[in-house]
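>
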Amino acid sequence: MINTTKIEKINFSPTASTLDSTREEFGKAIAQIAQSNDQIIGLSADLTESTKMSLFAQKFKNRFFHLGVAEQNMIGVAAGLALGGKIPVCTSYAIFQPGRCWEQIRQSICYSNLNVKMVSTHAGLSVGPDGASHQALEDLALTRVLPNLTVISPCDGNQARKATFAMIEHQGPVYLRLTREPALSVTTSETSFEIGKGQVFRVGSDVTIISHGTMIGTALQAALILEEQMNISAQVINLHTIKPIDQELLVQAAKTTQAIVTLEEHQIMAGVGSAVAECLATNYPVPIEMVGMKDQFGQSGKAHELIDYYGLTVEGVIKAVKKVIKRKNHS
Amino acid sequence: MEVKSVEELYQISNHLRQLVITMLENAGSGHSAGSLGMADVFTALYFNILKHNPKKPHWKDRDRVILSNGHICPILYASLAHSGYFEEKELLTFRKINSRLQGHPHYQSVPGVENTSGSLGQGLSQAIGIALSLRLNGKNNQVYALLSDGEHQEGQTWEGYLFANAQKLANLTVLIDRNNIQIDGLVENLVPLNDLKRKIAEFGWQVLEIDGHNMEQIIAACQQAESNQVGPTAIICQTIPGKGVDFMESLPAWHGKPPDEKQAQLALKQLRSLNNKITCHQLS
Chain A
1 MINTTKIEKI
11 NFSPTASTLD
21 STREEFGKAI
31 AQIAQSNDQI
41 IGLSADLTES
51 TKMSLFAQKF
61 KNRFFHLGVA
71 EQNMIGVAAG
81 LALGGKIPVC
91 TSYAIFQPGR
101 CWEQIRQSIC
111 YSNLNVKMVS
121 THAGLSVGPD
131 GASHQALEDL
141 ALTRVLPNLT
151 VISPCDGNQA
161 RKATFAMIEH
171 QGPVYLRLTR
181 EPALSVTTSE
191 TSFEIGKGQV
201 FRVGSDVTII
211 SHGTMIGTAL
221 QAALILEEQM
231 NISAQVINLH
241 TIKPIDQELL
251 VQAAKTTQAI
261 VTLEEHQIMA
271 GVGSAVAECL
281 ATNYPVPIEM
291 VGMKDQFGQS
301 GKAHELIDYY
311 GLTVEGVIKA
321 VKKVIKRKNH
331 S
Chain B
332 MEVKSVEELY
342 QISNHLRQLV
352 ITMLENAGSG
362 HSAGSLGMAD
372 VFTALYFNIL
382 KHNPKKPHWK
392 DRDRVILSNG
402 HICPILYASL
412 AHSGYFEEKE
422 LLTFRKINSR
432 LQGHPHYQSV
442 PGVENTSGSL
452 GQGLSQAIGI
462 ALSLRLNGKN
472 NQVYALLSDG
482 EHQEGQTWEG
492 YLFANAQKLA
502 NLTVLIDRNN
512 IQIDGLVENL
522 VPLNDLKRKI
532 AEFGWQVLEI
542 DGHNMEQIIA
552 ACQQAESNQV
562 GPTAIICQTI
572 PGKGVDFMES
582 LPAWHGKPPD
592 EKQAQLALKQ
602 LRSLNNKITC
612 HQLS
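Laid out in structure tokens, this is it:
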């Protein structure tokens, strides 16, 4: 079947090596937006420097609040600020927000559909040496299950910047998932970004690899090797918006390639693989293989060591692709 | 709003108690004890203290009431209805399907409901956020946060006290329903708060302690809180849960129970015969 999907303009090549940082680009973007939008209020739960809110905090002292080590109060205060017409931006690590304050997000924000933006850095294994206590592998499960919440996981610094702008434009609560480590810069200033619209980064016909966040580099590298070494044509989709999920694009991908592999820095259970499966099982069922954390906690180590150890790798994706194509051919 | 006499205010709180009983019996579920216990405080707020306009629920210069212990919403709804935010007959839809009067308050479900509550411990944080937004906008409106004593067992409440003091939020007043009951029994028997006044004062707040059924004390305390330009104030209101209905008073069992038809009739009879003379609770 000929793939007539629209391909996004990206900057990826076999020798690609430029890195950028999702959290740094967020930090710069939010400070820039706040320059012309005085309703934006910054909130930090004692992690101002690592969430890159320091620039905002410095420039807008009257509109920045230290909440201290108190995420539940931070969310409630943000709800109150939103009730008062402000646009609060709450920041912390993904393990603490939504982890620590999940019920507050549910009751005080989502159930009231308040215009609160929750930006969490340090998602996933790539948190590194801090270890399992700080490696959020459940945050997408926790957030995508909440009504009214938009959930976004940008793939690189450029996209994090665009996502920040889009998040502020959007009316309603948003969860933005960022990482600690810099990662492969894949998009350019010309790459579009629209909440809810998944992106085809590479066209292919044998399988679709769906990923999000900074795993996208791995997906693209795997697709390259599959093509060059195994004659397998892999489509790559960047699903930056986990919720609302781009059902149309997913069904089109399923129809075109008849096989899906998902890749994420998150538990397989209830993660984006599950979200894709929910969508396709009810609309256009095809074999799916999921690459992610297999119902276990992480551990201390360097980010790349951990990614290798737990199999969230090019090899892991290739293995899954071979498996799903086998299933496709036998069905 | 014309100034009402204390006598008139007690007439209103009696009427609100009757509305609460009727509403709960009709719904077949709901929380009697706290709703009745806080009737005098709500009366003082909605009919004397608050700067508000029931015909303009979004008026930018209004004071705010943030109910944290959302389960006592029958008294909130009764106060809103009797003030004129909506019609009293709508109170009979309480807790029924498609009703604007949800079992626990839902933000903007009905004019006058300023926040969502029901899960204890979250309202103070919300009130703080609103108070901050008012201050950022240069408004000097007051935010009244209503909390129960039991919900002071939730850690988030204390996060709120710490932060409100750090921000020196002078436009924030907390009113605590100190009725000493919670679902499993008496607060002081289970997980005691002990000297709540001292505890909150140690967090840097001004703390007042009053008889929650004494209209003059409630009003005086709220005025004192408003004139505090230095920081936030907490007013501990000693109340009798179920106040006004003798078979309900002081019993934890009535925390989450509505009266049945017979009990409601008895309760209404008692309230009507009180002749608006609520006996004030003696501070121990």
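Top line first, the protein sequences correspond to chains A and B. Those letters in the first sequence? Residues 1 to 331, by the working numbering. Those letters in the second sequence? Residues 332 to 615, by the working numbering. Every residue gets a Cβ at the ideal spot worked out from N, C-alpha and C, and that includes glycine. The model shown is predicted, which means the values in this text are computed figures rather than measured ones.
Using CA coordinates, which residue listed in 216/A, 194/A, 227/A, 221/A is at the minimum distance from residue 204/A?
As a working mapping, residue 204/A is identified with position 204 in the first sequence. When only C-alpha atoms are compared, the closest one is 227/A.
> Determine, for residue 86/A, whether the minimum Cβ-Cβ distance to residues of chain B falls below 8 Å.
Counting from one through the first sequence, the residue named residue 86/A turns up at place 86. Yes, contact with chain B.
> Could you check the C-alpha separation between residue 276/A and residue 198/A for me, to the nearest Å?
Residue numbering aside, residue 276/A sits at position 276 when the first sequence is read from its first letter. Residue numbering aside, residue 198/A sits at position 198 when the first sequence is read from its first letter. Their Cα atoms are separated by approximately 12 Å.
> List the residues of chain A that residue 511/B touches, going by C-beta distances under 8 Å, in chain order.
Within the second sequence, residue 511/B is the residue found at index 180, counting from 1. Correct list: empty, because the minimum Cβ distance to chain A is about 25 Å.
> Can you tell me which of 605/B, 603/B, 599/B, 589/B puts its alpha carbon nearest to the alpha carbon of residue 359/B?
Taking the first residue of the second sequence as 1, we reach residue 359/B at position 28. When only C-alpha atoms are compared, the closest one is 589/B.
> Less than 8 Å between the beta carbons of residue 232/A and residue 286/A, yes or no?
Position 232 of the first sequence, counted from the start, is the residue given in the question as residue 232/A. Position 286 of the first sequence, counted from the start, is the residue given in the question as residue 286/A. Cβ distance not < 8 Å, so residue 232/A and residue 286/A don't count as in contact.
> Around the C-beta of residue 469/B, are 16 or more other C-beta atoms found within 10 angstroms, so that it is buried, or is it exposed?
Indexing the second sequence from 1 puts residue 469/B at position 138. The residue in question, residue 469/B, is exposed, as its Cβ has fewer than 16 Cβ neighbours within 10 Å.
> Which same chain residues, not among the five before or five after residue 344/B, have their C-beta less than 6 Å away from its C-beta?
For the purposes of this step, residue 344/B is taken as the residue at position 13 of the second sequence. For residue 344/B, where only same-chain residues beyond five positions count, the Cβ hits under 6 Å are 370, 371, 374.
> Check the Cβ of residue 108/A against every Cβ in chain B and list those closer than 7 Å, keeping chain order.
Along the first sequence, read from residue 1 onward, the residue named residue 108/A stands at position 108. Neighbours of residue 108/A on chain B, chain order: 447, 453, 457.
> Could you tell me how far apart the beta carbons of residue 42/A and residue 56/A are, in whole angstroms, since I believe they sit closer than 8 Å?
The residue you call residue 42/A lines up with position 42 of the first sequence. The residue you call residue 56/A lines up with position 56 of the first sequence. Correct: roughly 5 Å between the Cβ atoms.
> Roughly how many whole angstroms lie between the Cα atoms of residue 367/B and residue 116/A?
Counting from one through the second sequence, the residue named residue 367/B turns up at place 36. Counting from one through the first sequence, the residue named residue 116/A turns up at place 116. Straight-line Cα distance between these residues: approximately 35 Å.
> With a threshold of 16 other CB atoms inside 10 Å of the CB of residue 330/A, please say whether the residue is buried or exposed.
Taking the first sequence and counting its residues from 1, the one referred to as residue 330/A is at position 330. Residue 330/A should be labelled exposed.
> May I have the straight-line CA-CA distance separating residue 382/A from residue 175/A, to the nearest angstrom?
Outside the shown range of chain A (1 to 331) lies residue 382/A, about which nothing can therefore be said.
> So which residues of chain A does residue 494/B contact, with C-beta pairs closer than 8 Å?
By 1-based counting over the second sequence, the position of residue 494/B is 163. Simply 67, 68, 70, 73, 77.
> If you check the beta carbons only, do residue 142/A and residue 98/A fall under 8 Å apart?
Here residue 142/A corresponds to residue number 142 of the first sequence, with the count starting at 1. Here residue 98/A corresponds to residue number 98 of the first sequence, with the count starting at 1. In contact: residue 142/A and residue 98/A (Cβ atoms closer than 8 Å).
> Residues in the same chain with beta-carbon distance under 6 Å from residue 18/A, minus the five sequence neighbours each way, listed in chain order, please.
In the first sequence, residue 18/A corresponds to position 18, counting from 1. Correct list, in chain order: 185.
> With a threshold of 16 other CB atoms inside 10 Å of the CB of residue 522/B, please say whether the residue is buried or exposed.
By one-based count along the second sequence, residue 522/B stands at place 191. Exposed, by the Cβ-count rule.
> Could you give the uninterrupted runs of the alpha helix (DSSP H) lying entirely in the segment 368 to 421 of chain B, keeping only those of 4 residues or more?
Qualifying alpha helix (DSSP H) stretches, in chain order: 370 to 375, 404 to 414.
> Could you tell me whether any Cβ in chain B is nearer than 8 Å to the Cβ of residue 112/A?
Reading the first sequence from its first residue, position 112 is the one you call residue 112/A. So yes, residue 112/A belongs to the interface.
> Check the DSSP bridge columns for residue 513/B and list the partner residues they point to.
Numbered from its first residue, the second sequence carries residue 513/B at position 182. The partner list for residue 513/B (beta bridge, DSSP) reads 516/B.
> Could you tell me whether the Cβ of residue 463/B comes closer than 8 Å to any Cβ of chain A?
Here residue 463/B refers to the residue found at position 132 when the second sequence is read from its first residue. With 8 Å as the cut-off, residue 463/B counts as an interface residue toward chain A.
> Does DSSP classify residue 93/A as helix, strand or coil?
Reading the first sequence from its first residue, position 93 is the one you call residue 93/A. DSSP places residue 93/A in strand when its eight states are reduced to three.
> Can you tell me where the beta strand (DSSP E) holding residue 238/A begins and where it ends?
For the purposes of this step, residue 238/A is taken as the residue at position 238 of the first sequence. Element bounds for residue 238/A: 234 to 238.
> Which same chain residues, not among the five before or five after residue 129/A, have their C-beta less than 6 Å away from its C-beta?
In the first sequence, residue 129/A corresponds to position 129, counting from 1. Within the same chain, residue 129/A has close Cβ partners 300.
> Sorted by chain position, which residues of the same chain lie with C-beta nearer than 7 Å to residue 31/A's C-beta, five sequence neighbours on each side aside?
Residue numbering aside, residue 31/A sits at position 31 when the first sequence is read from its first letter. Cβ neighbours of residue 31/A beyond the five flanking positions: 55, 56, 59.
> Reducing DSSP to helix, strand and coil, say where residue 310/A ends up.
As a position in the first sequence, residue 310/A is number 310, starting the count at 1. Three-state result, residue 310/A: coil.
> Between which residues of its own chain and residue 466/B is the CB-CB distance below 6 Å, once the five residues before and five after are set aside?
Your numbering for residue 466/B matches position 135 in the second sequence. Hits under 6 Å: none found.
> Taking the alpha carbon of residue 20/A as the reference point, which residue from 119/A, 217/A, 211/A has its own alpha carbon closest?
Position 20 of the first sequence holds residue 20/A. The shortest Cα separation from residue 20/A among 119/A, 217/A, 211/A belongs to 217/A.
> Alpha carbon to alpha carbon, what distance is there between residue 95/A and residue 177/A?
By one-based count along the first sequence, residue 177/A stands at place 177. By one-based count along the first sequence, residue 95/A stands at place 95. Their backbone Cα atoms lie some 11 Å apart in a straight line.
> Residues of chain A with CB under 7 Å from residue 450/B, in chain order?
Taking the second sequence and counting its residues from 1, the one referred to as residue 450/B is at position 119. The contacting residues are 103, 107.
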